[in-house]
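Student:
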Amino acid sequence: MPVRRLVSWLMILTIWQLGSMAIGNDILLPSVFEVVKRMAGHVTDATLYLSLGATLLRVLGGFSVAFITALITGLLSANHRKFHDYFEPLVTLTHTIPNITYMFMALIWLGSEGSVTVIVFFILYPVLYQSIYGGVLSFHPELLEVARLYPETFFYKLFHVTLPMLGPSLKEGVRGSLSLGLKVGVMAEILGQVQTGIGHQLYLGRVNLEMADIFAWTVWMILLSLLIDLLFHQGFAAANRAVTDKKGE
Numbered sequence: 037m038p039v040r041r042l043v044s045w046l047m048i049l050t051i052w053q054l055g056s057m058a059i060g061n062d063i064l065l066p067s068v069f070e071v072v073k074r075m076a077g078h079v080t081d082a083t084l085y086l087s088l089g090a091t092l093l094r095v096l097g098g099f100s101v102a103f104i105t106a107l108i109t110g111l112l113s114a115n116h117r118k119f120h121d122y123f124e125p126l127v128t129l130t131h132t133i134p135n136i137t138y139m140f141m142a143l144i145w146l147g148s149e150g151s152v153t154v155i156v157f158f159i160l161y162p163v164l165y166q167s168i169y170g171g172v173l174s175f176h177p178e179l180l181e182v183a184r185l186y187p188e189t190f191f192y193k194l195f196h197v198t199l200p201m202l203g204p205s206l207k208e209g210v211r212g213s214l215s216l217g218l219k220v221g222v223m224a225e226i227l228g229q230v231q232t233g234i235g236h237q238l239y240l241g242r243v244n245l246e247m248a249d250i251f252a253w254t255v256w257m258i259l260l261s262l263l264i265d266l267l268f269h270q271g272f273a274a275a276n277r278a279v280t281d282k283k284g285e
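Each position in the sequence shown, counted from 1, maps to that position plus 36 in the numbering used here.
1) Buried or exposed: Arg94, going by 16 or more other Cβ atoms within 10 Å of its Cβ?
2) Assuming the contact rule is C-beta atoms closer than 8 Å, Gly228 and Leu143 should be a hit. Round their C-beta distance to whole Å, please.
3) My assumption, with CB atoms under 8 Å, is that Leu260 sits in contact with Leu88. Please give the rounded CB distance.
4) Pairing CB atoms from the region 164-171 with CB atoms from the region 105-122, are three or more of them under 8 Å?
5) Given this structure, state the Cα-to-Cα distance separating Met247 from Gln166, to the nearest angstrom.
6) Once the 5 residues before and after Tyr138 are set aside, which same chain residues still bring their CB inside 7 Å of it?
7) Tell me where the alpha helix (DSSP H) around His116 begins and ends.
8) Counting Cβ pairs closer than 8 Å, one from the region 75-88 and one from the region 207-215, do we hit at least three?
9) Hey, how far is the Cα of Gln14 from the Cα of Trp253?
10) Let's test the definition: count the other Cβ atoms within 10 Å of the Cβ of Arg41 and tell me whether it reaches 16, buried, or not, exposed.
11) Could you please give the first and the last residue of the uninterrupted alpha helix (DSSP H) stretch that includes Thr153?
12) Quick check on Tyr85: buried or exposed, where buried means 16 or more other Cβ atoms within 10 Å of its Cβ?
13) Taking the Cβ atom as the reference point for each residue, do Val222 and Gly241 lie within a distance shorter than 8 Å?
14) How would you call Thr153, buried or exposed, if buried means at least 16 neighbouring beta carbons within 10 angstroms?
15) Within the same chain, show all residues whose beta-carbon is closer than 6 Å to that of Glu131, passing over the 5 residues directly before and after it, in chain order.
16) By a C-beta neighbour count over all protein chains shown, 10 Å radius and 16 as the cutoff for buried, is Gly217 buried or exposed?
17) Mapping the DSSP letters down to three states, classify Ile258 as helix, strand or coil.
18) Can you tell me which of the three DSSP states Gly233 falls into?
19) Identify whether Glu363 lies in helix, strand or coil by the three-state DSSP scheme.
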């Protein structure tokens, strides 16, 4: 499998380089070597780390609030029919409003710097809510009944019963949300013209017609997304091992 992926990446890079050579214009399609050169220059510049850090903080801030809110409301909706009936129209509304509408509204109300986290929250919340709500509904009724009979606290049941059972659906929901959140966050940074972040660097590349910089910062964004995905998988695996070890004691 790793060999096949390597071959696939080499094919992509080869097609990219051949396309650049055929066009012969770095403003339209820079070469692979020019983009790598720009990225090498970024490594020694503090702007790279400040930009990655600023974007990451905004995205994780919006994701964290969205996850906590979705967890609370998703569990309430799955366990209390009346709450679900009242709350579901609001979730449907937030899910159907176009993403660009959230961006424009947040930018007008909050300004450029404060809007990115809020935009990420509103776009990720319905995705996480549906993942949690649907995951709880997929539980076997007998397992839920047994859980209710345990004389344990709510938080004990949450961390030792509900969340472990939610594992598969929660894993995919969170993974997809993190990737989506990064894309949405960068897009919001570009529209809001923030002073620091990946979106700011992409905006500067567009204004200055520096396509090599646009490609370079896009690659940095992809690498950041892959790093987040790797850390998430490792963290999820560690949490599963901890739960398994706890059960074995």
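Ideal Cβ placement from N, Cα and C applies to all residues, glycine included.
It should be emphasised that the depicted structure is a prediction, and the values quoted were computed from it without experimental measurement.
Tutor: In short, the structure shows the following:
1) buried
2) 5 Å
3) 6 Å
4) Here the region 164-171 lies against the region 105-122, with 3 or more beta-carbon pairs under 8 Å apart.
5) Met247 and Gln166 have their C-alpha atoms spaced approximately 38 Å apart.
6) Ile155, Phe158 and Ile159
7) Counted as a single uninterrupted DSSP element, the stretch harbouring His116 is not any alpha helix (DSSP H), since DSSP gives it neither H nor E.
8) no
9) Absent from the structure is residue 14, since the part of the chain shown begins at 37 and ends at 285.
10) exposed
11) Asn135 to Leu173
12) exposed
13) 8 Å or more divides the Cβ of Val222 from the Cβ of Gly241.
14) buried
15) For clarity, residue 131 is His in the given sequence; the question names Glu instead. Excluding sequence neighbours, His131 sits near Pro162.
16) Label assigned to Gly217: buried.
17) Three-state DSSP puts Ile258 in a helix.
18) Gly233 falls in the coil class under three-state DSSP.
19) Absent from the structure is residue 363, since the part of the chain shown begins at 37 and ends at 285.
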